[in-house]
Amino acid sequence: MRIALFEPEIAGNVGAVLRLGACLGAAVDLIEPMGFTWDDRRVRRAAMDYIDHVTIARHADFDAFRATIGAQRLVLFTTKSAESVYDFAFRPDDILLFGKESAGVPAPVSDACTARIRIPMRPEVRSMNLAMSAGLALGEALRQTGGLPG
Numbered sequence: 001m002r003i004a005l006f007e008p009e010i011a012g013n014v015g016a017v018l019r020l021g022a023c024l025g026a027a028v029d030l031i032e033p034m035g036f037t038w039d040d041r042r043v044r045r046a047a048m049d050y051i052d053h054v055t056i057a058r059h060a061d062f063d064a065f066r067a068t069i070g071a072q073r074l075v076l077f078t079t080k081s082a083e084s085v086y087d088f089a090f091r092p093d094d095i096l097l098f099g100k101e102s103a104g105v106p107a108p109v110s111d112a113c114t115a116r117i118r119i120p121m122r123p124e125v126r127s128m129n130l131a132m133s134a135g136l137a138l139g140e141a142l143r144q145t146g147g148l149p150g
């Protein structure tokens, strides 16, 4: 299982997702451009020493990323879907894709995904934090596929 972040804008979110990947054994793909400088100390501060325990791949753009994933399913998390994460059947080799914090993903990226699912939440709020969403999604995907560590 992998997490892919499309053009992430906030270093602290990326650091938190890297820590999540380290703790749960999921590689993290970063699809550029990012909204911050990669050597930004905020990434390391959020990821702490966990950054040394996660596999990170950086991709110049979405096309470069797609060229590396082969036949793996790309599962987009979006507020624009009716299908709940809790009704979706994950596979162990799925890639969980999350869009940029301010705008999600453009239509061509959404169209390239195998599935589009959402995390249910109250109707009066817009969206969850990126790292929080990744944590909920990865936890459910690993639970379903028997991939939770320990």
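In terms of UniProt numbering, the sequence shown is residues 1 to 150. Quick reminder that beta carbons are idealized off the backbone N, C-alpha and C, glycines included.
Among the options, which has the Cα closest to the Cα of residue i?
| i | options | result |
| --- | --- | --- |
| I31 | F62, G15, Q72 | F62 |
| V109 | N13, T37, D93, F65 | F65 |
| F88 | K100, G99, L74 | L74 |
| E124 | V28, T79, D49, G25 | T79 |
| A57 | A112, A4, A82 | A4 |
| A27 | T55, P33, A60 | T55 |
| A103 | G25, V17, G35, A67 | G35 |
| V17 | G150, F98, A82 | F98 |
Tell me which residues share the same chain as residue i and place their Cβ nearer than 7 Å to its Cβ, disregarding the 5 neighbours each side in the sequence.
| i | result |
| --- | --- |
| A137 | F77, V85, L96, I119 |
| M128 | I119, M121 |
| H53 | A22 |
| I69 | I95 |
| K100 | F6, E7, P8, E9 |
| M48 | R19 |
Measuring straight from C-alpha to C-alpha, what distance separates residue i and residue j?
| i | j | result |
| --- | --- | --- |
| residue 155 | C23 | With the chain covering 1 to 150 only, the question about residue 155 has no answer from this structure. |
| F90 | A141 | 6 Å |
| T114 | Q72 | 9 Å |
| I117 | P92 | 17 Å |
| D39 | R45 | 11 Å |
| T145 | R19 | 21 Å |
| A134 | R2 | 11 Å |
| I51 | A107 | 32 Å |
| R143 | R126 | 26 Å |
| L130 | L148 | 21 Å |
| T37 | H59 | 14 Å |
| N33 | M132 | Looking at the sequence shown, residue 33 is not Asn but Pro. Their backbone Cα atoms lie some 22 Å apart in a straight line. |
| R41 | A67 | 30 Å |
| D29 | D111 | 19 Å |
Might you give, ordered along the chain, the residues of its own chain that have their beta carbon closer than 6 Å to the beta carbon of residue i, omitting 5 neighbours on each side?
| i | result |
| --- | --- |
| V43 | A11, V14, G15 |
| V105 | F6, G99 |
| G25 | P149 |
Go through its chain and collect everything with a Cβ distance to residue i's Cβ below 8 Å, but skip five positions before and after it.
| i | result |
| --- | --- |
| H83 | Looking at the sequence provided, one finds Glu at residue 83 rather than His. Here the set comprises A115, R116, I117, R118. |
| G139 | L24, L148 |
*Going along the chain, which unbroken runs of the alpha helix (DSSP H) with 4 or more residues stay wholly within the UniProt domain "tRNA/rRNA methyltransferase SpoU type" (2 to 138)?*
11 to 24, 41 to 47, 62 to 69, 107 to 111
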